[in-house]
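Peer 1: The structure under discussion is supplied below as structure tokens; questions concerning it will follow.
In structure tokens form, the structure reads like this:
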């Protein structure tokens, strides 16, 4: 590399300024907003947030979705990855179809599943034709919280497994085939090869996928609004409601800070738990 | 055409010193090879001459002009890269014309030069192809043609043949020599392959640890290495080195008594493997054979003399191989003795 | 299991997963094109039998949706341009130079991913009102660019890293300056990847809900519009909006399908 000088700094300067003004400053402002009231330091916003009726539901709902969805997605995505490895013909088209949800927002996904799960929707039609129900049935109400949760989980699974899949497939493609072939030569069954060779080597990709997916799962809210309306509060939808409905920016900021804290904590946990020790790196 | 003067060039990467004060003069039209093991600084030196790397100190002059502070495009040189660096998005013809186009050459000249360079390297029929459709050897030819098309005053080559397979390399080497001799361009050629350096270059600069150990013609470097490193690096098998005690101004080697070149307690004697002939115990030294390898016309013998490793190459026609454990007697060609200082490894000047 | 069995099972799994992805979109399309009638129809058809020019016409005539779609297109296009203008040079800097501060810069870029959009959108509402950017496509584009610029930077950095430095050096030796070398050698080679990254920036903005909803009132983006009418507008309008949201995404994934790995596999770290 030759005469670096000022050039790299000139090149990153626009984006640094941009992110400084539109990312760092608002970040600090929100943090201040959450801990201030009437111009002085206060935990008032946090008390109001915690005392709100919806707060506990929002916490429970958010964590239920994340804790159920993320492991399911990883399992499903691993399965898809392993399947695609054995497909030669039509690989391109399958890859495309399986990746489609990658480009679909949580709002659109919510609307897709609303069409299916609504009272007179296609799920009920199917159940009706199978003779399991006698007429339209409401699933997405506060009277059927477990079904509502299940619906949101299915919709999340539908929408966001693709990203885990693509990250894992990219990771698998970086792995030299020799490792598995070596394991095969030494007598490992396909199952053993997966558990003892492929999966451990995939750890960095798995870590990336988990971090990204978990952070995004905590941000999910439009889908919950589309499917459950106010019956299924999550943390971000509460932030949205406090900002929009109640015009209370302080509490909204507290929610935002809370989501951020949870995201950072989750990221740190993954970084530590799935760390690849330096001496094991290829 | 131009000569190149490298004046006390230094390069440090952080705390590591890649080049220590290198000075070198390449004459107009000369073909100089920079030869050395990987990490010796030869590529760094070449890149500094090209302007792709900035020196920490010193100057580079091309044709008497100080180019030390100029970017590569203003130095009037061309380069052939190790991985060819043939632009994948351009056809062969566009690749060869690249330098001319940048220089703003007119269409007619461009076409003339491209055709000339292409026919010189026998790639005329490939001009419309893209590099992805070429073999490694063909890409190599495109890279050389691109460099020659601009009729550079100076041509730099960075291990241009190292990515070709052995047979192709031999073929390209002969062709390069012919093409470059015809063009008369001043050329600096970086390689770690001694046969390439010896086969192609007018002079060879052997580099090691960021310094030039020796500059000279192929025969000079081979028969009169200035340091123990040069003797060990050049030649296959490498030069033999025997560490021998000096007694009363003389060195005893088996039945031989040789005048000591220095007054030190010990000296190192460097002997080429093929500079040894069979002898009697009285006028030679003992060599205990461990392995004998037939190499077609020659026999490579590995064994020990005075308890030190020694390799010998002798002509071999036919017949029984000498057996391991057998003791042979050998005498060196007395004109080809290389005495070196036992500690520094630098050649000791005897009667020149 | 015999190999034949195994292949059969594999293809069954593949088919089920393809159906799992495609059938829900198909059903939404049925709902969107079915017009007012399909909302109340019971039991619902699984085949597009009730489809007619009228219902398709009704779909195309839903006014608010199209106005919102236009705002979304504007915002997404501006977001894309911003992402490229800022991301390409920064990506080049990360790929080709080692400089003090590169590590911290990378950290800043990665940090943007760990923070929810909500945390940015809230205070920016106030600032945007003061600056006259509130309720404009440009304001929305600015905020979406906060998400898209880091992404574009990382993707461009890995794209440029994949182009051998030797090619650029050859360009310099044969008469190019750093800038012309970039234009003549690096850019043509990176173009497909940059195109994919810009499409991604477009879709990122196209899909974003929270910030768009907070930053607009009258000139809503499609996502913001759909979110605001969730509880009041008829279902077929919602389905139609959902379908319009999905179609570009499906096309996008098709266009960039060969580059998904470069973008998500490497672009992420």
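Residue numbers (our numbering), protein chains in the order written: chain Z, 1377 to 1658; chain B, 164 to 515; chain Y, 288 to 556. Ideal Cβ placement from N, Cα and C applies to all residues, glycine included.
Give the DSSP-derived three-state secondary structure of residue 324 (chain Y) in the structure shown.
Peer 2: In the third chain, counting from the first residue as 1, residue 324 (chain Y) sits at position 37. Helix.
Peer 1: Could I get the ranges of all uninterrupted alpha helix (DSSP H) runs contained in the region 502-542 of chain Y, with 4 residues as the minimum, in chain order?
Peer 2: 509-515, 522-542
Peer 1: Do you know offhand how far residue 182 (chain B)'s Cα is from residue 220 (chain B)'s?
Peer 2: Numbered from 1 along the second chain, position 19 holds the residue referred to as residue 182 (chain B). Numbered from 1 along the second chain, position 57 holds the residue referred to as residue 220 (chain B). Roughly 10 Å between the two C-alpha positions.
Peer 1: Rounded to whole angstroms, what's the CA-CA distance from residue 320 (chain Y) to residue 511 (chain Y)? Just pull it up for me.
Peer 2: Translated into positions along the third chain, residue 320 (chain Y) becomes position 33. Translated into positions along the third chain, residue 511 (chain Y) becomes position 224. Looking at the two C-alpha atoms, the distance is approximately 22 Å.
Peer 1: Strictly below 8 Å CB to CB, what residues from chain Y border residue 236 (chain B)?
Peer 2: Residue 236 (chain B) sits at position 73 when you count from the first residue of the second chain. Chain Y residues near residue 236 (chain B): 459, 460, 461, 462, 463, 464.
Peer 1: Which ranges would you report for the alpha helix (DSSP H) in the region 383-451 of chain B if only whole runs of at least 4 residues count?
Peer 2: Here the runs fully enclosed are 391-396.
Peer 1: State buried or exposed for residue 107 (chain B), treating a residue as buried only when at least 16 other CB atoms are found within 10 Å of its CB.
Peer 2: A question about residue 107 (chain B) goes unanswered here, because the residues of chain B that appear run from 164 up to 515.
Peer 1: If you compare alpha carbons, which of Z:1444, Z:1555, Z:1507, Z:1500 is closest to residue 1532 (chain Z)?
Peer 2: The residue you call residue 1532 (chain Z) lines up with position 156 of the first chain. Minimum Cα distance to residue 1532 (chain Z) is reached at Z:1444.
Peer 1: Can you give me the C-alpha to C-alpha distance between residue 1595 (chain Z) and residue 217 (chain B), rounded to a whole angstrom?
Peer 2: For the purposes of this step, residue 1595 (chain Z) is taken as the residue at position 219 of the first chain. For the purposes of this step, residue 217 (chain B) is taken as the residue at position 54 of the second chain. Cα to Cα, residue 1595 (chain Z) sits roughly 49 Å from residue 217 (chain B).
Peer 1: When you compare only the Cα positions, how much space is there between residue 470 (chain B) and residue 438 (chain B)?
Peer 2: Within the second chain, the letter at position 307 stands for residue 470 (chain B). Within the second chain, the letter at position 275 stands for residue 438 (chain B). Rounded to whole angstroms, residue 470 (chain B) to residue 438 (chain B) spans 20 Å at the Cα level.
Peer 1: How would you list, in chain order, the residues of chain Y whose beta-carbon sits under 7 Å from the beta-carbon of residue 246 (chain B)?
Peer 2: As a first step, residue 246 (chain B) is located in the second chain; it is residue number 83 there, counting from the start. In chain order: 451, 453.
Peer 1: Residues of chain B with CB under 8 Å from residue 470 (chain Y), in chain order?
Peer 2: Looking up residue 470 (chain Y) in the third chain gives position 183. The premise fails here: residue 470 (chain Y) is roughly 12 Å from chain B at the closest Cβ pair, so nothing lies under 8 Å.
Peer 1: Once you ignore the five residues that flank residue 1609 (chain Z) on each side, which residues in its own chain have a CB closer than 7 Å to its CB?
Peer 2: Taking the first chain and counting its residues from 1, one reaches residue 1609 (chain Z) at position 233. For residue 1609 (chain Z), where only same-chain residues beyond five positions count, the Cβ hits under 7 Å are 1430, 1433, 1434, 1437.
Peer 1: In three-state DSSP terms, what is residue 1432 (chain Z)?
Peer 2: Sequence index remark: in the first chain, residue 1432 (chain Z) carries index 56 (1-based). DSSP places residue 1432 (chain Z) in helix when its eight states are reduced to three.
Peer 1: Counting only Cβ pairs nearer than 8 Å, list the residues of chain Y close to residue 1519 (chain Z).
Peer 2: Within the first chain, the letter at position 143 stands for residue 1519 (chain Z). By Cβ distance, chain Y contributes nothing, its closest Cβ being about 18 Å from residue 1519 (chain Z), past 8 Å.
Peer 1: Determine the direct distance from the alpha carbon of residue 524 (chain Y) to that of residue 255 (chain B), and round the result to whole angstroms.
Peer 2: Residue mapping note: residue 255 (chain B) aligns to position 92 of the second chain, counting from 1. Residue mapping note: residue 524 (chain Y) aligns to position 237 of the third chain, counting from 1. Going from the Cα of residue 255 (chain B) to the Cα of residue 524 (chain Y) covers about 57 Å.
Peer 1: List, in chain order, every chain Y residue whose beta-carbon is nearer than 8 Å to that of residue 1487 (chain Z).
Peer 2: Taking the first chain and counting its residues from 1, one reaches residue 1487 (chain Z) at position 111. Going along chain Y in sequence order, the residues near residue 1487 (chain Z) (Cβ under 8 Å) are 315, 513, 525, 526, 528, 529, 532.
Peer 1: Could you give the DSSP three-state label for residue 1613 (chain Z): helix, strand or coil?
Peer 2: Translated into positions along the first chain, residue 1613 (chain Z) becomes position 237. In the three-state scheme derived from DSSP, where H, G and I count as helix and E and B as strand, residue 1613 (chain Z) is classed as helix.
Peer 1: Anything in chain B within Cβ reach of residue 475 (chain Y), meaning under 8 Å, just list it in chain order.
Peer 2: Indexing the third chain from 1 puts residue 475 (chain Y) at position 188. Neighbours of residue 475 (chain Y) on chain B, chain order: 252.
Peer 1: How would you call residue 471 (chain Y), buried or exposed, if buried means at least 16 neighbouring beta carbons within 10 angstroms?
Peer 2: Locating residue 471 (chain Y) in the third chain gives position 184, where the first residue counts as 1. That one is buried.
Peer 1: Using a Cβ cut-off of 7 Å, which residues of the region 1393-1416 of chain Z contact any Cβ in chain Y, in chain order?
Peer 2: 1394, 1395, 1398, 1399, 1402, 1403, 1405, 1406, 1409
Peer 1: Helix, strand or coil for residue 425 (chain Y)? Go by DSSP, reduced to three states.
Peer 2: Against the third chain, residue 425 (chain Y) aligns to sequence position 138. In this structure, residue 425 (chain Y) counts as helix in the three-state DSSP scheme.
Peer 1: Using a Cβ distance threshold of 8 Å, determine whether the region 370-388 of chain B contacts the region 441-450 of chain B, with at least three qualifying pairs required.
Peer 2: no
Peer 1: With respect to the beta strand (DSSP E) encompassing residue 171 (chain B), which residues constitute its N-terminal and C-terminal limits?
Peer 2: To locate residue 171 (chain B), count along the second chain from 1; it is residue 8. Segment 167-176, the beta strand (DSSP E) holding residue 171 (chain B).
Peer 1: Among all the DSSP beta bridges, which residues are the ones paired with residue 457 (chain B)?
Peer 2: For the purposes of this step, residue 457 (chain B) is identified with residue 294 of the second chain, where counting begins at 1. BP columns for residue 457 (chain B) point to B:462.
Peer 1: Might you give, ordered along the chain, the residues of its own chain that have their beta carbon closer than 6 Å to the beta carbon of residue 508 (chain B), omitting 5 neighbours on each side?
Peer 2: Counting from one through the second chain, the residue named residue 508 (chain B) turns up at place 345. Excluding sequence neighbours, residue 508 (chain B) sits near 390, 391.
Peer 1: To the nearest angstrom, how far is it from the Cα of residue 1492 (chain Z) to the Cα of residue 1519 (chain Z)?
Peer 2: The residue given as residue 1492 (chain Z) occupies position 116 in the first chain. The residue given as residue 1519 (chain Z) occupies position 143 in the first chain. Residue 1492 (chain Z) and residue 1519 (chain Z) have their C-alpha atoms spaced approximately 19 Å apart.
Peer 1: Just curious, the beta strand (DSSP E) that residue 390 (chain Y) is in, first and last residue?
Peer 2: Translated into the one-based positions of the third chain, residue 390 (chain Y) becomes position 103. Run containing residue 390 (chain Y): none in the beta strand (DSSP E); it sits in the alpha helix (DSSP H), 389-401.
Peer 1: Let me know if residue 327 (chain Y) comes out buried or exposed under the rule of 16 or more other beta-carbons within 10 Å of its beta-carbon.
Peer 2: As a working mapping, residue 327 (chain Y) is identified with position 40 in the third chain. With fewer than 16 other beta carbons inside 10 angstroms of its own, residue 327 (chain Y) counts as exposed.
Peer 1: Can you give me the Cβ contacts of residue 175 (chain B) inside the same chain, cut-off strictly under 6 Å, excluding the 5 residues immediately before and after it?
Peer 2: Here residue 175 (chain B) is taken as the residue at index 12 of the second chain, counted from 1. These residues qualify, in order along the chain: 219.
Peer 1: Looking at the structure shown, is residue 477 (chain B) part of a helix, part of a strand, or coil, going by DSSP?
Peer 2: Here residue 477 (chain B) corresponds to residue number 314 of the second chain, with the count starting at 1. Strand at residue 477 (chain B).
Peer 1: Give the straight-line distance between the Cα atoms of residue 462 (chain Y) and residue 1553 (chain Z), rounded to the nearest whole angstrom.
Peer 2: Locating residue 462 (chain Y) in the third chain gives position 175, where the first residue counts as 1. Locating residue 1553 (chain Z) in the first chain gives position 177, where the first residue counts as 1. About 43 Å.
Peer 1: Could you tell me the distance, in whole angstroms, from the CA atom of residue 440 (chain B) to the CA atom of residue 1549 (chain Z)?
Peer 2: In the second chain, residue 440 (chain B) corresponds to position 277, counting from 1. In the first chain, residue 1549 (chain Z) corresponds to position 173, counting from 1. Cα-Cα distance, rounded: 59 Å.
Peer 1: In the DSSP assignment, the alpha helix (DSSP H) including residue 1541 (chain Z) goes from what residue to what residue?
Peer 2: Taking the first chain and counting its residues from 1, the one referred to as residue 1541 (chain Z) is at position 165. Following the DSSP letters along the chain, one finds residue 1541 (chain Z) inside the alpha helix (DSSP H) bounded by residues 1521-1550.
Peer 1: Where does residue 367 (chain B) sit, in a helix, a strand or coil, going by DSSP?
Peer 2: Taking the first residue of the second chain as 1, we reach residue 367 (chain B) at position 204. The answer is strand: DSSP assigns residue 367 (chain B) an E or B state.
Peer 1: Using a beta-carbon distance cut-off of less than 9 Å, what residues from the region 198-227 of chain B approach chain Y?
Peer 2: 210, 213, 214, 215
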